[in-house]
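Single-structure report; data block below.
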Amino acid sequence: MTDALVTPSLRARLRDLRLVPRRAAGAHGLGQHSSRSRGVGLEFAQYRAYAPGDEPRRVDWKLFARSDRYFVRESESDSPLDLWILVDTSASMAQTDAAAPRHSRLDAARTLAACAIELALRQGDRFGIAALSSQPLALVGADGGPRQRDRCLQELLRWQAAGRWPDAPQLLPLWERIAPASLVLLLSDAFDDDTVALAERLAAARREVVLIRILTAEERDFPFRDNRRFIDVESGAEVLADGPTARAAYLRDFADAQQALQTRLAASGIRLSHHYLDAEPDVALRRLFGTRAGAESA
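Its first residue numbered 645, the sequence shown is counted upward by one per residue in the working numbering.
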C-alpha cells in the first residue's frame, strides 16, 4: 500500500530529510527538535560517574584506561514529535492540469502526506491526519508505528474532494487533539482566507505550522491562448477572459498575491512552501525539511 503513494525512488530521495521543528523562541531565534534530557541518545552531552545499574556498554573504557575510574557517556536524546497532517479536501482540491487530467491537487496532497508520514515513522514520531471540508470531519488520531502508517494511508485513499472549507464548530475536535508544541503540516491550495486564518490561530496557540500550498502549473504559467471561462468550483463565480490579453496582468497579480501570503504567514512564524502539480513532491518538502531548508520566497 505504501508504494501506491510513495514509490521506492521517491522514498530514496527522502533519506536526507528530517522533521525538525523551528519553534520561535520569544520574538527572536528558533528552537530545536530535541530535549535537554540526558540518557542514551544521539549526540554526546557529558560524562558522569558510573553508578550501580548502569549498562557496561555505556562505560567509556578509553577514559577508564587513562583515569582508572569508571565514567558513563550521556547524550542528549531527541524528544518524540507529534506530527499532525491537515489536508484540505474541499471541492477546489479536485482541480487538475490539462496536461495531467487524472492528477489532482488532492492526489498531490495524498502523496505529500504519505511522504511526511514516512519521515515521522523513520524518526519514531507520532502522527495523525485529518480531512478538512464541509463534510463531516474525518481524522486518525496521533499514534506511531507501521500499523498507524497503514491506517493513515487507508484513510487518505478514501478521501474525496467535495464541499467547502469547514466552519469553526467543525474544527473543534482539532483543538482537542492537537497538543501545544505539535508540528502541523497543512496541505491546501490556500485560496480560502479561512485556511490561512486557521494556520494563524494554530500558530498563535503554540502549534508549529508549516503550509505547503498546492497549485497547478496553469495557475503558475497561465498558458491559455484563447478565450476562457474560469469557474470557481466552490462558489460558482465565473470570469470570461481572453488568454493572451489577460496573461501579463494575471501573472503580476499572482506574484503579488504570493508575496502577500508569504509576508502574512511569516509574521506568525509559519513556514511556507509551494508544490506545483508538474513537480516532484520531495521538492516542496526539501525546502522545509532539507539540510539547508529555509523560508521559501518563490
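Note that beta-carbon positions come from the ideal geometry of N, C-alpha and C, so glycine has one too.
- Annotation for Ser917: the continuous beta strand (DSSP E) segment containing it runs 915-920.
- Of all alpha-carbon atoms in His919, Pro888, Ala834, Val703, the one lying nearest the alpha-carbon of Leu905 is that of Ala834.
- Separation of Arg666 and Thr907 (C-alpha to C-alpha, rounded to the nearest whole angstrom) is 17 angstroms.
- For Leu730 against Leu830, the beta-carbon gap comes to about 5 angstroms, under 8 angstroms, which counts as contact.
- Taking a cut-off of 8 angstroms for Cβ pairs, the segment 813-828 and the segment 845-855 touch, as three or more such pairs fall below it.
- In this chain, Ala847 is not harboured by any beta strand (DSSP E); it is covered by the alpha helix (DSSP H) spanning 837-848.
- Sequence-distant Cβ neighbours of Asp865 in its own chain, meaning closer than 7 angstroms and more than five residues away, do not exist here.
- With contacts defined by Cβ atoms closer than 8 angstroms, Asp769 and Leu727 form a contacting pair.
- In the DSSP assignment, Val853 forms a beta bridge with Val828.
- Per the coordinates, the alpha-carbon of Leu649 lies some 6 angstroms from the alpha-carbon of Ala758.
- Put simply, of Phe898, Val877, Asp926, Ala760 the residue whose alpha carbon is nearest the alpha carbon of Thr740 is Val877.
- Ranking Ala735, Arg713, Leu658 by CA distance to the CA of Arg749 puts Ala735 first.
- In this model, Trp803 and Pro700 are separated by some 51 angstroms (Cα to Cα).
- Scanning its chain for C-beta atoms nearer than 8 angstroms, with the 5 sequence neighbours on each side dropped, one finds around Val927 the residues His919, in chain order.
- Taken atom to atom, the span from the alpha-carbon of Gly772 to that of Asp870 is near 44 angstroms.
- Contact between Ile822 and Arg793 does not hold, since their C-beta atoms are separated by about 19 angstroms, which reaches or exceeds 8 angstroms.
- The DSSP-derived three-state label of Leu884 is strand.
- The beta-carbon distance between Gln779 and Arg662, rounded to whole angstroms, is 34 angstroms. This is too long to meet the 8 angstroms contact definition.
- For the set Leu725, Ser711, Asp704, Phe708, the Cα lying nearest the Cα of Arg717 is the one of Asp704.
- Rounded to the nearest angstrom, the Cβ distance from Leu855 to Ile761 is 18 angstroms, too far for a contact under 8 angstroms.
- Taking a 10 Å sphere around the C-beta of Gly880, we find fewer than 16 other C-beta atoms and assign the residue as exposed.
- A straight-line Cα-Cα distance of about 30 angstroms links Asp647 and Thr839.
- Under the three-state reduction of DSSP output, Phe866 falls in the coil class, being neither helix nor strand.
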